[in-house]
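Here the structure is laid out as structure tokens; the discussion comes afterwards.
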Amino acid sequence: DKVLARMGSSKATDRAYNEPLTADVIKKIPGEQLAVSEAGGIWAALQELNGYVFMELIVLDTTKIKTFKGVTMTFLGDTELKLTSDSGEIKSDFSDVFNRWLTEISFEITKKDLNFIKKKKYTQIQLDFKNKSLLFDLKK
420 DKVLARMGSS KATDRAYNEP LTADVIKKIP GEQLAVSEAG GIWAALQELN
470 GYVFMELIVL DTTKIKTFKG VTMTFLGDTE LKLTSDSGEI KSDFSDVFNR
520 WLTEISFEIT KKDLNFIKKK KYTQIQLDFK NKSLLFDLKK
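Just so we're aligned, residue 420 is where the sequence shown starts under this note's numbering, counting upward by one.
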């Protein structure tokens with residue numbers, strides 16, 4: 420099915436994407452899982468470079484992201500936090516291990532932003548790119 424899906428077979432693609440993610444497979448993703456969706460989730464890790472703090476995201480989803488205008492991530496809740504990707508060019512890579520699209524996105528964040536995220540003052544995370552949006556629920 421994976422070969423057929425890569426060649427463009429929509430039925431094979433649907434079957435391949437509908438395989439559930441197992442706990443063993445999810446453990447292979449680096450970082451802390453922030454949010455989940457039916458198709459995957461969002462994982463984050465922090466990296467400090469020259470006094471700046473970056474949140475490195477890994478988005479696992481059935482949707483391919485390819486844009487030259489960056490991604491906006493919004494933490495939705497009573498108060499909102501909106502972050503814009505550090506780089507304009509974002510491109511997903513297909514992962515045979517996860518059988519989904521893997522997208523790495525970097526965001527520069529402040530200590531205030533980090534505090535908001537750590538205290539989980541949000542219920543959902545929305546990623547916006549081009550004219551599309553992906554919605555993920557807070558991992559409890």
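Every residue, glycine too, gets a C-beta built ideally from N, C-alpha and C.
Three-state secondary structure (DSSP) of Arg425: Here residue 425 corresponds to residue number 6 of the sequence shown, with the count starting at 1. Reliability fails at Arg425, whose pLDDT of 46 lies under 50, so the model's placement of it is uncertain and the value that follows must be treated cautiously. For Arg425, the secondary structure class from DSSP, reduced to helix, strand or coil, is helix.
Helix, strand or coil at Thr491 according to DSSP, with G and I counted as helix: Looking up residue 491 in the sequence shown gives position 72. Strand at Thr491.
Same chain only: Cβ atoms within 8 Å of Asp512, ignoring 5 sequence neighbours per side: As a working mapping, residue 512 is identified with position 93 in the sequence shown. Hits under 8 Å: Trp520, Leu521 and Thr522.
Whether Leu479 touches Met492 by CB criterion (7 Å): Taking the first residue of the sequence shown as 1, we reach residue 479 at position 60. Taking the first residue of the sequence shown as 1, we reach residue 492 at position 73. No.
Range of the contiguous beta strand (DSSP E) that encloses Lys501: In the sequence shown, the residue the question calls residue 501 occupies position 82. Residues Leu500 to Thr503.
Ile536 - containing alpha helix (DSSP H), residue span: The residue given as residue 536 occupies position 117 in the sequence shown. Start and end: Lys530 to Lys537.
N-terminal and C-terminal residue of the beta strand (DSSP E) that Ser511 is part of: Within the sequence shown, the letter at position 92 stands for residue 511. Careful: Ser511 lies outside any beta strand (DSSP E) and carries neither H nor E.
Local Cβ density within 10 Å of Ser552, reported as buried at 16 or more and exposed below that: Indexing the sequence shown from 1 puts residue 552 at position 133. Flag for Ser552 reads exposed.
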